[in-house]
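Inspection log for the structure reproduced underneath, given as C-alpha cells.
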Amino acid sequence: QAKESGKNSICFYTSDINDRLVHYQEVTELLRRALDADNLQLYFQPQIDLQDGEIHSCEALLRCFDGNTQPVSPSVFIPIAEKLGLINRIGDWVIEKACRQLKAWQGTALERVRIDINLSGRQLTNQHLADYILQTLYDHDLSPSQLGVELTENEVIGVEGEQIRQLKRLKQAGVNISIDDFGTGYSSLVYLRHLPVCSLKIDTNFLHHAMENESDMAILEAIITVGHCLDLTVVVEGVETDDQHRLVKELGCDLAQGFLYARPMPAIEMPVFLADKGWAK
Ligand code: C2E
Ligand code: MG
Ligand code: MG
Ligand code: MG
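Just so you know, the sequence shown maps onto residues 306 to 586 in the UniProt record's numbering.
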C-alpha cells in the first residue's frame, strides 16, 4: 500500500513537472499565434457608481482565444508574456484597442464610460509608455480623462524615478491611475501619499473576509477612510452578493465591480446589457 502510494506520488510529481513544461510551451505558442492571428480580445466589466447605481466606467480584461475553445485566463498568460518579453507588444495592443473602443462608443449611450486598462509593471519601465498612451488617445481624438490605468499594489511598490515620472505625466494629462488589488501587498498607506494615484481598488479578499469577522471589517473600514482622507476614489472588487453590495454602499465606497452587477463581456454585448439594466444614460 505504502509502496504503491509512494510510486504514485513520484509519478504524479514527474508528470506535474512535465505538465507545467508542456503548459508553458503551449501558452508560449498560443500567445505567439494570438498576436499574429488577432486572437486577442478585450472583455469589459462595468464599474458601478454606488451613489446612483449607474455605470461609471468599465475595466478592460484581456482574453486570449485559440480555435473554438474557452479563452485562456490572463492570470495564466500575462505572467508568461512578461517572461517572454511579449508584454510590451500585448500592452500596446490593449492601449490601441481600448482607444478604438472608446472611439466606437462616441455618440452612443456608452460615450461617458471610461475604460480602465491593466498595465503590467514591466510596461512602466518603458520610458515611452506615457507618450505612447497620450499619443494614441490624441490620434483617436479622445480626451485623456476617458482612459484609466490600473497597476497592482505589488507592482507600484518600489517604483522610482523614471517610472514615477511616467505615472505623473499620465495623471497630469488626466488619465485616471488606480492601484489594483490593494491590500494584498505590503505598502503602507503613508507611501501612497507620494504616488501619483487617483483610485484605490480594494482586493476582493478584504470584502469576503469582512463579511466573516469583525477585525477584517475594521480593516476594510480603515482602508476606505484613509483612501478618502487622501482624496482617492475607493473602488471595491468582487461584489457577488446583495449583502456585500449593501455593506460596501453603507461603508461609503464610491464604485463597485463584481459578478453581482455584470460579468466581463465582449464589447458587442455592452449596449444591450446596459439597456436591459436601465443603466444606459
Ligand atoms: P484584476 O485586474 O484584479 O481583474 C479583476 C479580476 O477579477 C478579473 O479576472 C475579473 O474577471 C475577476 N472578477 C470580476 N468580478 C468578480 C467577482 O465578482 N468575483 C470573482 N471571483 N472574480 C471577479 P480576469 O479577467 O481573469 O483577470 C485576471 C487578472 O489578469 C487581472 O486581475 C489583471 O491583473 C490581469 N489582466 C487582465 N487583463 C490584463 C491586461 O490587459 N494586461 C495586464 N497586464 N494584465 C491583465
Ligand atoms: Mg484590474
Ligand atoms: Mg484587481
Ligand atoms: Mg487581480
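Even glycine gets a Cβ: it sits at the ideal position worked out from N, Cα and C.
A quick note: this is a predicted structure, and the numbers were derived from the prediction, not measured.
Measuring only the C-alpha atoms, how far is residue i from residue j?
i: residue 512; j: residue 487; result: 12 Å
i: residue 388; j: residue 357; result: 42 Å
i: residue 574; j: residue 350; result: 11 Å
i: residue 530; j: residue 565; result: 24 Å
i: residue 510; j: residue 395; result: 28 Å
i: residue 398; j: residue 391; result: 11 Å
i: residue 406; j: residue 446; result: 12 Å
i: residue 561; j: residue 432; result: 32 Å
i: residue 428; j: residue 570; result: 25 Å
i: residue 522; j: residue 514; result: 7 Å
i: residue 508; j: residue 341; result: 34 Å
i: residue 502; j: residue 580; result: 32 Å
Return the first residue and the last residue of the alpha helix (DSSP H) that residue i is part of.
i: residue 511; result: 509-515
i: residue 565; result: No alpha helix (DSSP H) holds residue 565; DSSP gives it neither H nor E.
i: residue 496; result: 494-497
i: residue 483; result: From DSSP, residue 483 is part of no alpha helix (DSSP H) but of the beta strand (DSSP E) over 481-487.
i: residue 389; result: 379-389
Are residue i and residue j closer than 8 Å when you measure CB to CB?
i: residue 506; j: residue 540; result: yes
i: residue 516; j: residue 468; result: no
i: residue 538; j: residue 504; result: yes
i: residue 452; j: residue 409; result: no
i: residue 563; j: residue 532; result: no
i: residue 385; j: residue 430; result: no
i: residue 383; j: residue 425; result: yes
i: residue 364; j: residue 584; result: no
Quick one: give me the first and last residue of the beta strand (DSSP E) that residue i is part of.
i: residue 361; result: 360-369
i: residue 457; result: 452-457
i: residue 491; result: Unbroken run through residue 491: none, as it is neither H nor E.
Kindly list the residues whose CB is nearer than 8 Å to the CB of residue i, restricted to its own chain and excluding five residues on each side of it in sequence; keep chain order.
i: residue 339; result: 345, 369, 370 and 371
i: residue 376; result: 346, 368, 369 and 370
i: residue 312; result: Note that residue 312 has pLDDT 42, beneath the 50 cutoff, so the model's placement of it is unreliable and the number below is only indicative. Around residue 312: no qualifying Cβ.
Short of 6 Å in beta carbon distance, which residues of its chain neighbour residue i, apart from the five on each side in sequence? Order them along the chain.
i: residue 423; result: 455
Can you give the beta carbon distance from residue i to residue j, rounded, assuming they're within the 8 Å contact cut?
i: residue 528; j: residue 480; result: The pair is not a contact, with the Cβ atoms about 23 Å apart (cut-off 8 Å).
Closer than 7 Å by C-beta to residue i: which residues in its own chain qualify, once you throw out the five before and the five after it? Chain order, please.
i: residue 490; result: 458, 459 and 462
i: residue 475; result: 435, 438, 454 and 482
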